[in-house]
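What the sequence shown shows, in the UniProt record's numbering, is residues 1 to 194, in sequence order. Okay, structure first, notes after.
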Amino acid sequence: MSSTLLFVNNFVTVDIEWLCKTLGFLLHFTLLSGFCRMFICTFHMMRTFTSLTNHSKNAQTSYKTYLKYVAVAEISAIALTASKAIVSKLTNNTFGYGGHPCYLTNARMNLFFVAIPVSVMMVTDLELYIFVIVKIMRLPAMGDNKSLERNYPKIFIKLSTITGLTWIFGIVYELTDVELFGCMFILFNACQGV
């Protein structure tokens, strides 16, 4: 949500240079943090469905796992953001945030420190998500409702929203400017976790 709120600054002109640079940095960090967290969700989902027989986890173990996941996601986002600032400082003698909109000022930096890392995470998320779908499809029916058919499309759509895969519609919208993809992007991201 913080990334979305910061993204709104694209529609407002910020003339205060330090504020614009700060907003650009925060937008970059929160965008990467959000994708890292969605990657962690997908990874955890895959681990959950591959170890269904291991039910020996207690609340303390789950909390420690959660803290590890948050640490990995945030440290990854910090490392990417810091690397971008260092590379910009070494090559252009600036941290590379600001401009209009208040974001990254160099297209190459946008490629290397946003597009490529996000694309790698999305491709990995897709692979893990397909693995989860296959695993769910192979699960035996349980309980008294064995004869009832599972609602697979509903299950898979709900799971897909926490993986970040719905951002594909946003990327396609940016590349094609077809409003249908923009609407699908907004709709599916608004349903995240519902």
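For every residue, glycine included, the Cβ atom is placed at its ideal position computed from N, Cα and C. Please read these numbers as outputs of a predicted model, since none were measured by experiment.
Beta-bridge pairing by DSSP links G96 to no other residue. Shown here for F131: same chain residues with a beta carbon closer than 7 Å to its own, the five before and five after excluded, namely M46 in chain order.
Bounds of any alpha helix (DSSP H) do not take in N106, whose DSSP letter is neither H nor E. Secondary structure at G170: helix, using DSSP grouped into helix, strand and coil. In the three-state DSSP reduction, N151 falls in the coil class, being neither helix nor strand.
In the DSSP annotation of this structure, the continuous segment of the alpha helix (DSSP H) that includes L126 starts and ends at 116-138. Per DSSP, the unbroken alpha helix (DSSP H) holding S33 starts and ends at 17-50.
The closest CA to that of P153, considering only I136, I168, W167, T91, is found on I136.
DSSP, read as helix, strand or coil, puts V14 in coil. Taking C-beta atoms as the reference points, I162 and C36 fail to come closer than 8 Å. For T81, the closest alpha carbon among the candidates C102, S62, L31 is that of L31.
Residues of the same chain with a CB within less than 8 Å of the CB of D125, apart from the 5 flanking positions on each side, are M38, F39, T42, T163, G164, L165 in chain order. When DSSP states are grouped into helix, strand and coil, I75 belongs to the helix group. Residue burial is scored here from C-beta neighbours: T105 has at least 16 other C-beta atoms within 10 angstroms and is therefore classed as buried. Here the alpha carbons of T65 and G182 stand approximately 35 Å from one another.
The Cβ-Cβ distance between H44 and Y69 falls below 8 Å.
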